[in-house]
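Read through the structure below, which is laid out as structure tokens, and then see the notes.
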Amino acid sequence: MKCPKCEAENPEYAPHCQKCGCLIKESYPRANTLSIVGIVIGFIMPFVFLLALLPEIYLYTRPEQSVKKRGKKFIEVTLVLFVVMIIVWAFINKVI
Numbered sequence: 001m002k003c004p005k006c007e008a009e010n011p012e013y014a015p016h017c018q019k020c021g022c023l024i025k026e027s028y029p030r031a032n033t034l035s036i037v038g039i040v041i042g043f044i045m046p047f048v049f050l051l052a053l054l055p056e057i058y059l060y061t062r063p064e065q066s067v068k069k070r071g072k073k074f075i076e077v078t079l080v081l082f083v084v085m086i087i088v089w090a091f092i093n094k095v096i
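Quick note: the sequence shown uses full-length UniProt numbering, first residue 1, plus one each step.
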């Protein structure tokens with residue numbers, strides 16, 4: 001890594017220049033915001049979707065047809081949103 005002041009070469013992640021002692025600002029890599037979003041979507045959101053499915057499955061198992069139909073629609077919407085979330089996660093993490 002080059003020093004911004006004297007442009008001397010320094011070891012990667014060196015906090016100071018070995019030649020002039022100047023602080024090298026880019027010495028530590030920063031976390032990418034997209035990678036944090038990818039982690040949240042990839043690991044936390046599936047649990048949220050599973051929790052969202054529980055009341056919908058309960059509605060689907062009721063004997064009344066109107067309630068059962070509503071539960072089925074909610075399950076379909078949740079599964080579509082889950083697939084969309086997986087696609088977004090794949091694009092963020094450059095899987096696709």
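In this text, a Cβ means the ideal position worked out from N, Cα and C, and glycines have one as well. This one's a predicted model, so the numbers in the text were calculated from it and none came from an experiment.
Tell me whether the region 77-96 and the region 32-50 touch, counting them as touching only if at least three CB pairs, one residue from each stretch, are closer than 8 Å.
yes
Cut-off 6 Å between Cβ atoms - residues of its own chain near Trp-18, not counting five sequence neighbours on either side
Per the sequence shown, the amino acid found at residue 18 is Gln instead of Trp. Around Gln-18: Asn-10.
Distance check for Gly-38 and residue 119, CA to CA, integer angstroms please.
Here the chain has residues from 1 to 96 only, and residue 119 is not among them.
Give me the Cα-Cα distance between Lys-68 and Tyr-13, rounded to the nearest whole angstrom.
60 Å
Quick check: Ile-92 and Ile-24, are their CB atoms within less than 8 Å of each other?
no
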